[in-house]
Each structure stands twice: as C-alpha cells, then as structure tokens.
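One structure below.
Numbering (full-length UniProt numbering), first residue to last: 1 to 133.
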C-alpha cells in the first residue's frame with residue numbers, strides 16, 4: 001500500500017468512525033474542499049463547519065470503497081457507496097423524516113507532503129432527492 005493510499009484510507013476510516021478530528025488530521029491547513037453542487041471552501045475551519053452541518057442533517061457510512069492512486073502519489077480517487085439516513089431537513093432540500101438512502105459517490109484528492117490538499121466530492125443529487133422524496 002502506498003503512503004497516499006494509506007492516507008485516503010485513514011481519512012475514510014475516520015469518517016466512518018465519526019472521528020472528525022481524525023479526518024482533519026489528514027488535511028493540509030489550507031485544504032480546498034469542492035462540494036458537490038456547492039461552492040469551494042478553503043481551510044480546516046470551513047471543512048470542520050461543513051462536517052458539523054452534515055452530521056446534524058445526515059448519518060452516513062461508506063462501504064464498497066475502492067481507492068486509486070496516481071503513479072506519483074499526488075492524486076487519488078475513491079469510489080464508494082453512501083449508506084445514509086436523512087435526519088434533519090437541509091436547507092431547501094426535501095423535508096427529512098429519517099429516510100434511508102443508498103447512493104454511489106466518488107471523490108478526487110490532491111496530496112502533498114503527506115496531507116490532503118484538495119477534496120472534491122461527486123454524487124447524483126437528483127437520485128438522492130428521488131430516494132428521499
């Protein structure tokens with residue numbers, strides 16, 4: 001296993017354990033977080049705030065993880081299934097009442113000096129809305 005693969009695996013293990021500080025430890029201080037259907041955020045503080053919001057609205061576990069790393073270790077991608085419960089209504093999205101969803105998703109990473117410098121996440125929002133509506 002490469003260092004980059006181990007870093008991405010550690011990041012997602014922390015996610016599944018609800019260990020947000022463990023996730024943050026994998027990130028560069030100036031991390032860029034590109035959110036699906038949203039605007040980019042910069043820095044660990046904004047990433048932490050995003051995760052706090054997500055933890056309020058959703059309960060998620062990621063399964064069927066596949067991690068791919070470029071030859072030079074500077075880029076990586078992960079494909080997985082999001083298994084979730086929609087707990088609290090998120091903004092103008094459909095009302096939440098404990099709906100379960102299962103959704104394929106993926107993420108892309110830039111890695112430098114042993115830290116994740118960019119996280120870009122993608123999933124099919126229309127499919128998620130169909131599942132929770």
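Don't be surprised by glycine CBs; every beta carbon is placed ideally from N, CA and C.
- When the Cα atoms are used, residue 22 and residue 50 turn out to be separated by approximately 15 Å.
- Of 76, 96 and 105, the smallest CA-CA separation from residue 6 is found for 76.
- In the pairwise beta carbon analysis, the stretch 79-92 is classified as touching the stretch 55-63: at least three pairs are separated by under 8 Å.
- Secondary structure of residue 53 (DSSP, three-state): helix.
- Contact check between the stretch 10-24 and the stretch 120-127: fewer than three CB pairs, one atom from each, fall below 8 Å, which does not count as touching.
- For residue 37, the secondary structure class from DSSP, reduced to helix, strand or coil, is coil.
- Assignment of residue 1 by DSSP, reduced to helix, strand and coil, places it in the coil class.
- In this structure, 109 is the residue among 109, 64, 39 and 37 with its C-alpha nearest to the C-alpha of residue 72.
- Look at residue 118 here: in three-state DSSP terms it is strand.
- Buried is the label assigned to residue 33, since at least 16 other Cβ atoms lie within 10 Å of its Cβ.
- Contact annotation: residue 9 and residue 1 have beta-carbon atoms nearer than 9 Å.
- Residue 71 sits in coil when the DSSP states are folded into three classes, being neither helix nor strand.
- The beta carbon of residue 93 sits closer than 6 Å to none of the beta carbons in its chain outside the five residues before and after it.
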